[in-house]
Amino acid sequence: MTHPDPRAAVKSLAPYVPGRPIEEIEREFGVTGAMKLASNENPLGPSPMALAAAHEALASVHRYPDGSATLLRRKLAAKFGVSPDQIILGAGASELIDITVRTFLEPGLAAVFPAGIFRMFPVAVGRSGARIIEVPVEPDLRPNLQGMLSAITPATRIVAIANPNNPTGAYVPRTELAEFLEKLPPHVLMILDEAYFEFATGLVADYPNGLSFVSSERPLVVLRTFSKISGLAGLRLGYGFGPESIIASMNKVREPFNANSIAQAAALAALDDEDHRNRVRELVSTERAFLFAELTKRPVAVHPSIGNFLLVETGGTFDAVANDFLRRGVILRPMGSWGYPLGFRVSVGLHEENVRFLEVLDELITLGIVIPAASASSPAAR
Ligand SMILES: Cc1ncc(COP(=O)(O)O)c(C=O)c1O
C-alpha cells in the first residue's frame with residue numbers, strides 16, 4: 388500500500404531530539420536512581436504554591452481553558468508594565484517560536500540565525516519550507532552581529548538570537564543588542580529568546596532586558612517561559628511580548644486552547660512566589676560556579692554560561708561515550724547534532740547531583756573512555 392508523500396520540507400526535516408526520560412534510561416540500562424541533567428530543568432522543582440493551584444484546577448478539567456488566558460495575561464501585563472494585548476501565550480516558548488515562524492515565513496522567504504542557535508529555531512523554519520541562513524559565530528561563541536546584518540536580504544523576514552543561547556550559554560550584551568536592533572531593516576522581525584532570563588538578570592552586569600526594547604514601532608518579539616525558573620516544564624507554558632499588531636497576527640495562527648487550564652492556574656500562582664524564584668536563582672548561580680570551577684580542573688574545555696547549563700567539550704566524539712554515562716545513571720545531552728561533536732551539555736542540578744556527575748566523569752576519564760581535550764579548560768582550547 389502506498390501513502391501520500393509528506394511535503395518536501397517535511398521529508399528533508401531533521402526532527403528535534405529531546406533529552407531522554409529517566410524511566411526509559413532506568414529500563415534500558417537496568418539502573419535505579421538515574422539523574423537527568425539533560426534538559427536544563429529546574430533542579431528544585433515547582434513552587435508549592437503553583438503545585439497547589441494545579442491540583443485545584445484539576446477539578447475543572449472537563450471545561451475548556453480560557454482561550455485568551457485573560458487573568459494570566461493581565462497579571463503578566465501588570466508585572467511587566469505592558470498591555471495585555473502585547474502578550475501572547477504558548478505551549479512553551481517552543482510553540483511561540485513555531486507560531487512566529489508560521490506567522491511570518493513561507494517558502495521563498497528566509498530566516499537568519501547565529502550558527503548553533505537553540506535547535507527549535509531551525510526545526511520550526513525547516514517545517515515552514517523557508518530558507519535558513521546560519522551565520523558562523525565569533526570565537527567566543529557569541530553571535531556575529533555584523534555578519535547577521537550582512538546576511539539579511541529582501542527575502543529575510545525573521546532574525547533570531549537566544550540570549551543566552553542554549554547550548555553555549557553565551558550572550559549578547561546590552562549595548563551590542565541595542566545597536567543591532569537599531570540597524571535591523573523594518574521588513575525583518577527579530578525574535579529575542581530569553582528562556583533563561585531570570586538566571587542572568589541582575590546577576591550579570593551587562594545582560595540586557597529584552598522587554599525594554601519592545602515598542603509599537605519595533606518588530607521585536609521577546610520570549611520567556613515558565614519551564615525554567617518556575618519549574619513548570621511539564622505543563623508547557625511560555626509567553627511572548629511584542630507590538631500589539633504583531634501579537635494580533637500571531638494570535639490568528641495560535642490554536643485557541645494552546646495554554647491549558649492547569650498550566651494557567653499554576654503560572655498565576657507561580658508569579659506570586661518570589662521566594663521560590665530567588666531560591667532557584669541562588670542555587671543555580673552557586674552550583675553553576677561550583678561545576679564550572681570543578682570542570683576547569685579537569686581535562687575538558689568548559690564554556691562560560693549565564694544559563695542553568697554548561698557546554699563541555701572533550702577530546703573525542705561524545706556520542707560514542709554517552710551510553711557509558713547512562714549506564715552509570717547520569718543523563719547528559721550529547722551535542723553532536725547541535726554542531727559540537729566533542730561536546731555534551733550538562734544542566735546545573737542539585738549539589739549532590741553535580742558531585743555525582745563529576746565522579747562519573749572522573750571515573751570515565753581514568754578508564755580512558757572519555758578522551759581528554761587536547762589542551763583543556765578554556766574555550767580557547769577549541
Ligand atoms: C533557548 C531556549 N529557548 C526556548 C526553550 C523552550 O522552552 P519551553 O518550550 O519549555 O518554554 C528552550 C528549552 O530548552 C531553550 O533552551
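Counting from 1 along the sequence shown, just add 387 to a position and that's the residue number in the working numbering.
Glycine is no exception: its CB is placed at the ideal position from the N, C-alpha and C atoms.
Name the one or two DSSP bridge partners that residue i has.
| i | result |
| --- | --- |
| P494 | For P494, which the question treats as bridged, DSSP gives no partner whatsoever. |
| L476 | Y626 |
| P721 | F731 |
| I787 | In this structure the chain extends from 388 to 769, so residue 787 is not present and cannot be described. |
| K615 | Bridge partners of K615: none, in fact. |
| R518 | A497 |
| I545 | A498 and L576 |
| M637 | Answer by DSSP bridge pairing: none, since M637 is not bridged. |
| I423 | Note on residue identity: the sequence assigns Lys, not Ile, to residue 423. DSSP lists I718 as partners of K423. |
| A654 | For A654, which the question treats as bridged, DSSP gives no partner whatsoever. |
| V689 | V699 |
Got a sec, what are the start and stop residues for the alpha helix (DSSP H) residue i sits in?
| i | result |
| --- | --- |
| M577 | Here M577 belongs to no alpha helix (DSSP H); instead the beta strand (DSSP E) covers L576 to D580. |
| R561 | R561 to K570 |
| V742 | H738 to T753 |
| F644 | Premise fails: F644 is in no alpha helix (DSSP H) and is neither H nor E. |
| E585 | F584 to A587 |
| L697 | It is not in any alpha helix (DSSP H) - L697 instead sits in the beta strand (DSSP E) that spans F696 to E700. |
| V591 | Unbroken run through V591: none, as it is neither H nor E. |
| D711 | A709 to R714 |
| F705 | Where F705 is concerned, there is no enclosing alpha helix (DSSP H), given that its DSSP letter is neither H nor E. |
| E443 | P435 to L445 |
| M535 | L532 to A538 |
| R460 | T457 to F467 |
| A760 | Run containing A760: none; DSSP gives neither H nor E here. |
| A396 | A395 to K398 |
On the DSSP letters alone, give me the boundaries of the beta strand (DSSP E) that residue i sits inside.
| i | result |
| --- | --- |
| R675 | Note, R675: premise wrong, no beta strand (DSSP E); alpha helix (DSSP H) at E661 to T683. |
| T612 | L607 to T612 |
Measure how close the beta-carbons of residue i and residue j come, nearest whole angstrom, since I'm counting them as under 8 Å.
| i | j | result |
| --- | --- | --- |
| I519 | F491 | No, I519 and F491 are not in contact; Cβ-Cβ is about 14 Å, not under 8 Å. |
| F744 | V708 | Not quite, the Cβ-Cβ distance comes to about 14 Å (not below 8 Å), so this is no contact. |
| D659 | M436 | 6 Å |
| V671 | F586 | 5 Å |
| I486 | M637 | 5 Å |
Worksheet item: Is there contact between the segment 533-541 and the segment 552-565, where contact requires at least three CB pairs shorter than 8 Å?
Response: no
Worksheet item: Counting Cβ pairs, one atom from each stretch, are 3 or more of them under 8 Å apart for the segment 511-531 and the segment 674-686?
Response: no
Worksheet entry | Check your reading: residues with Cβ closer than 6 Å to ligand 1 heavy atoms | N427, G479, A480, S481, F505, A549, N553, D580, A582, T612, S614, A620 and G625
Discussion item. Can you confirm whether the segment 426-439 touches the segment 663-670 when touching is taken to mean that 3 or more C-beta pairs between the two stretches lie within less than 8 Å?
Written reply: Touching, per the Cβ criterion.
Worksheet entry | Touching by the beta-carbon criterion (3+ pairs, under 8 Å), the segment 633-648 and the segment 493-509 | Because the criterion of three Cβ pairs below 8 Å is not met, the segment 633-648 and the segment 493-509 do not touch.
Worksheet entry | Segment contact flag, the segment 560-572 with the segment 590-600, C-beta cutoff 8 Å, min 3 pairs | yes
Item to complete: Count the C-beta pairs between the segment 745-762 and the segment 446-462 that are closer than 8 Å, then say yes if the count reaches three, no if not.
Response: Touching, no, given that fewer than three Cβ pairs across the two stretches are closer than 8 Å.
Worksheet item: Between the segment 649-658 and the segment 696-716, do at least 3 Cβ pairs fall closer than 8 Å?
Response: no
Discussion item. With three or more beta-carbon pairs closer than 8 Å as the criterion, would you say the segment 726-740 touches the segment 613-624?
Written reply: no
Item to complete: For the segment 717-731 and the segment 695-706, state whether three or more C-beta atom pairs, one from each stretch, are separated by less than 8 Å.
Response: Using a Cβ-Cβ distance cut-off of 8 Å, the segment 717-731 and the segment 695-706 are in contact, since at least three pairs of beta carbons, one from each stretch, lie closer than that value.
Item to complete: Would you check if the segment 635-644 and the segment 478-494 touch, i.e. whether three or more CB-CB distances between them fall below 8 Å?
Response: yes
Worksheet item: Is it true that the segment 605-619 meets the segment 398-414, where meeting means three or more beta-carbon pairs spaced less than 8 Å apart?
Response: no
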